[in-house]
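These notes are about the structure you will find just below.
In this note's numbering, the protein residues as written are 198 to 537.
Here's what the structure looks like:
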């Protein structure tokens with residue numbers, strides 16, 4: 198059938214084969230022409246033949262043939278991967294890219310690489326796939342034409358472009374954490390969050406409130422929110438909450454809460470247990486491992502599938518692929534004294 202397509206268009210069969218695999222060696226215009234001709238002529242890839250080809254190369258790393266772009270728009274680009282969880286996103290994505298013959302390449306978006314210049318560079322390099330790692334702010338894309346690329350986000354931020362996202366299942370992770378803490382013997386479990394709706398705090402709140410619905414009413418502590426930028430300014434409110442609610446354990450997304458609790462006069466684990474919804478970034482060793490390498494890996498698998506499907510730009514139907522974490526026990530959440 199590829200020979201028939203080539204004959205109909207007056208081009209080589211090699212060009213047809215490359216275009217049907219969305220190779221950057223064939224221009225975007227020519228790829229579109231070949232895909233349209235293939236569809237008209239009823240061409241579909243032979244899954245058996247594809248499987249045989251893959252079987253021949255199983256266990257052998259394919260030769261790197263193209264790059265996938267990782268866009269870093271942080272004011273200090275080094276800060277992004279200084280966060281252990283984001284570094285593991287990168288490592289998981291990088292390993293998956295190499296497995297399938299791609300190279301993951303970081304592009305620093307700043308005044309020296311404007312959106313227009315970035316777009317031109319990616320097109321000139323034949324780069325079709327873009328990964329957007331987490332950003333604490335909304336980058337100004339300045340008219341960047343997303344229709345030319347397949348795009349996957351590794352977080353719900355940035356919110357634009359509203360591309361498909363692969364991220365942690367924060368609701369279920371929070372439910373799992375509370376269940377594990379209760380299974381360890383804790384009853385009065387509090388949740389200390391950030392008072393910041395833009396940080397998708399509601400996902401953690403939803404998980405906590407769902408898990409809390411299974412507790413005795415006397416053990417249902419109100420959620421407390423810390424200042425999102427300067428949490429230590431919330432020390433008086435936190436101290437009052439601790440004295441009033443008397444939690445025996447706390448779950449939190451705030452990585453430095455242990456230090457703030459000590460400022461309030463509470464030691465961990467002496468006075469109360471502490472766990473994190475992401476223990477990789479926290480000063481705790483009990484909590485949820487969000488499986489960040491898997492998030493990076495699945496993001497690349499999703500991106501490659503979009504590229505092969507010639508699925509470009511902002512989708513009309515958004516996909517959110519949620520990766521479930523796993524509970525990790527640690528010394529910051531020992532067995533309560535009544536169980537010893």
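Yeah, the Cβ is synthetic: ideal placement off N, Cα and C, and Gly gets one too.
So what does DSSP say about residue i, is it helix, strand or coil?
i: residue 539; result: A query on residue 539 cannot be resolved here, the shown segment of the chain reaching from 198 to 537 and no further.
i: residue 271; result: coil
i: residue 484; result: strand
i: residue 479; result: coil
i: residue 308; result: coil
i: residue 525; result: strand
i: residue 278; result: coil
i: residue 502; result: helix
i: residue 286; result: helix
i: residue 520; result: strand
i: residue 239; result: coil
i: residue 327; result: strand
i: residue 206; result: helix
i: residue 515; result: coil
i: residue 470; result: strand
i: residue 553; result: Beyond the ends of the chain as shown, which are 198 and 537, falls residue 553; an answer cannot be given.
i: residue 300; result: strand
i: residue 532; result: coil
i: residue 201; result: helix
Between the alpha carbons of residue i and residue j, how many angstroms are there, rounded?
i: residue 453; j: residue 460; result: 11 Å
i: residue 393; j: residue 222; result: 46 Å
i: residue 493; j: residue 271; result: 19 Å
i: residue 200; j: residue 515; result: 37 Å
i: residue 316; j: residue 300; result: 18 Å
i: residue 356; j: residue 379; result: 35 Å
i: residue 416; j: residue 343; result: 49 Å
i: residue 244; j: residue 523; result: Low confidence applies here, because residue 244 scores a pLDDT of 41, under 50, leaving its location unreliable; read the following figure in that light. Distance between the alpha carbons of residue 244 and residue 523 is about 35 Å.
i: residue 488; j: residue 520; result: 7 Å
i: residue 370; j: residue 498; result: 23 Å
i: residue 456; j: residue 471; result: 11 Å
i: residue 220; j: residue 289; result: 23 Å
i: residue 469; j: residue 305; result: 43 Å
i: residue 466; j: residue 294; result: 41 Å
i: residue 406; j: residue 484; result: 18 Å
i: residue 383; j: residue 429; result: 26 Å
i: residue 139; j: residue 312; result: The shown model of the chain, from 198 to 537, leaves out residue 139, and the question about it has no answer.
Is it buried or exposed, residue i, if we count other Cβ atoms within 10 angstroms and call 16 or more buried?
i: residue 361; result: buried
i: residue 426; result: exposed
i: residue 513; result: exposed
i: residue 318; result: exposed
i: residue 441; result: exposed
i: residue 276; result: exposed
i: residue 246; result: The predicted model places residue 246 with a pLDDT of 44, which falls under 50 and marks its position as unreliable, so this point remains unresolved.
i: residue 354; result: buried
i: residue 448; result: buried
i: residue 333; result: exposed
i: residue 307; result: exposed
i: residue 411; result: exposed
i: residue 217; result: buried
i: residue 339; result: exposed
i: residue 431; result: buried
i: residue 473; result: buried
i: residue 252; result: Residue placement at residue 252 cannot be trusted, given a pLDDT of 44 that sits under 50; what the coordinates show is reported in the next sentence. Looking at its Cβ environment, which holds fewer than 16 other Cβ atoms inside 10 Å, residue 252 is exposed.
i: residue 528; result: exposed
i: residue 490; result: buried
i: residue 363; result: buried
i: residue 530; result: buried
i: residue 264; result: buried
i: residue 337; result: exposed
i: residue 458; result: buried
i: residue 228; result: buried
i: residue 532; result: exposed
i: residue 249; result: Note that residue 249 scores a pLDDT of 41, beneath 50, so its modelled location is shaky; the value from the coordinates is reported in the next line. Residue 249 is exposed by the Cβ-count criterion.
i: residue 446; result: buried
Does the beta carbon of residue i fall short of 6 Å from some heavy atom of the ligand COA?
i: residue 449; result: In terms of ligand content, the structure shown is empty, and the ligand COA therefore cannot be addressed.
Taking contact to mean at least 3 C-beta pairs separated by less than 8 Å, is the region 502-519 in contact with the region 347-363?
The answer is yes - the region 347-363 touches the region 502-519, with three or more Cβ pairs under 8 Å.
Report the residue ranges of all beta strand (DSSP E) runs contained in full by the region 332-408; include only those spanning at least 3 residues, in chain order.
Listed in chain order, the complete beta strand (DSSP E) runs (minimum 3 residues) inside the region 332-408 are 347-350, 361-365, 386-391.
Whole beta strand (DSSP E) runs in the region 404-459 with 3 or more residues, listed along the chain?
Taken in chain order, the complete beta strand (DSSP E) segments of 3 or more residues contained in the region 404-459 are 421-423, 446-449.
Using a Cβ distance threshold of 8 Å, determine whether the region 384-392 contacts the region 417-424, with at least three qualifying pairs required.
At 8 Å Cβ cutoff, the stretches touch.
Check whether the region 232-239 touches the region 264-280, counting contact only when three or more Cβ pairs, one atom from each stretch, lie closer than 8 Å.
As far as the Cβ criterion goes, the region 232-239 does not touch the region 264-280, which means the pair count is below three.
For the structure I just gave you, are there three or more beta carbon pairs, one from the region 279-288 and one from the region 461-481, closer than 8 Å?
Two segments are said to touch when three or more pairs of C-beta atoms, one from each, lie closer than 8 Å; by this definition the region 279-288 touches the region 461-481.
Would you check if the region 393-413 and the region 427-437 touch, i.e. whether three or more CB-CB distances between them fall below 8 Å?
By the Cβ criterion, the region 427-437 is not in contact with the region 393-413, since fewer than three pairs of Cβ atoms, one from each stretch, lie closer than 8 Å.
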